[in-house]
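Per the working numbering, the very first residue in the sequence shown carries number 9; after that it's consecutive.
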Amino acid sequence: MPAITHRAILISLIDYDAIASCYAEHRQASPRVLAHLVERTAVPPGRILEMGCGTANHLRALSAAWSADGAGFDRSPAMLAEARARGPRLDLREGDAAARFPFDDRSFDLAFSVDVIHYLGGSLPEHFAEAHRVLRPGGTVVTVTDSPEDIRTRSLTRYFPETEAQERARYPSIEAIEAAMRGAGFKVAGATHTAHCSPMTGARLERFRQKAYSSLRLIPEDRFRAGLARLEAEHARGRADLVEVYTYVWGRRDG
Ligand SMILES: C[S@@+](CC[C@H](N)C(=O)[O-])C[C@H]1O[C@@H](n2cnc3c(N)ncnc32)[C@H](O)[C@@H]1O
9 MPAITHRAIL ISLIDYDAIA SCYAEHRQAS PRVLAHLVER TAVPPGRILE MGCGTANHLR
69 ALSAAWSADG AGFDRSPAML AEARARGPRL DLREGDAAAR FPFDDRSFDL AFSVDVIHYL
129 GGSLPEHFAE AHRVLRPGGT VVTVTDSPED IRTRSLTRYF PETEAQERAR YPSIEAIEAA
189 MRGAGFKVAG ATHTAHCSPM TGARLERFRQ KAYSSLRLIP EDRFRAGLAR LEAEHARGRA
249 DLVEVYTYVW GRRDG
């Protein structure tokens, strides 16, 4: 029987069916992620796939930006129900990003994921083999994630320092993502990065209060309350910022 790793335990603790309505209410598409993906994609893709689309917030915005046909899949029926409630135009299906995707061979120009790769544990080879299968030759895969440095510098770690160790245990390294892409046959085009600091608005603060970030559900309740008290005190003094950092790992299917 395979050993149950710390990473596997952390992954199993987050139940998106249970938190779908909280996520849908408090988490929106990141304008930074959307702008970066659009800027870095030279030719607008005709058909795009989001792997682990959740409420499809990024998929919906990118489909509109590129006038592309948007498709997505997720393993959480409740997250998909939230996605469907927000508009009918996307092709949304239930599926596992660590197993066979519910889409045909060579049917997309771009396949992307946002904040999902840390749920796949040791299944990165299967994930990227499937991304390669569903992309057309010339197609692009991009994984939007957090590097160890991103985890160190983001607001979550500043206010809730206990999340850092958990997140380092959950997230694969950028090198591991690149190696899995290469192993699946992608030509790896390297990683890009965005960092943005903006004021902590009331709506953003509410995301923390409601634990709309999964890492806040992995630390002890007393540590969560202590971090929230620090954040609320800084917010009351007008000194709280939201630091959003992302790393984007890019690959291309050549043949
Ligand atoms: C942090 S949310 C991100 C959702 C969406 N990509 C976004 O940017 O808002 C993580 C999503 O990954 C999904 N997920 C986790 N493991 C998965 C898997 N093995 N296959 C498909 N979806 C998965 C969860 O159900 C959840 O919807």
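Idealized CB from N, CA, C, for every residue including glycine.
Whole-angstrom distance between residue 116 and residue 143, CA atom to CA atom
5 Å
Could you tell me whether the Cβ atoms of residue 170 and residue 160 are closer together than 8 Å?
no
My understanding is that residue 259 touches residue 196, with C-beta atoms under 8 Å, so please give their C-beta distance in whole angstroms.
5 Å
Should residue 149 be labelled buried (16 or more other beta-carbon atoms within 10 Å of its own) or exposed?
buried
Using DSSP with H/G/I as helix, E/B as strand and the rest coil, what is residue 116?
strand
Label residue 165 either buried or exposed according to how many other C-beta atoms from any shown protein chain fall within 10 Å of its C-beta, with 16 as the threshold for buried.
buried
Using a Cβ-Cβ cut-off of 7 Å (strictly less than) and excluding sequence neighbours within five positions of residue 177, which residues of its own chain qualify?
14, 15, 18
Excluding sequence positions up to five away, which residues of its chain have a Cβ less than 6 Å from the Cβ of residue 141?
113
Give the single residue among 71, 63, 85, 51 whose Cα lies nearest to the Cα of residue 34.
63
With DSSP as the reference, label residue 156 as helix, strand or coil.
helix
Could you give the distance in angstroms between the alpha-carbon of residue 188 and the alpha-carbon of residue 182?
10 Å
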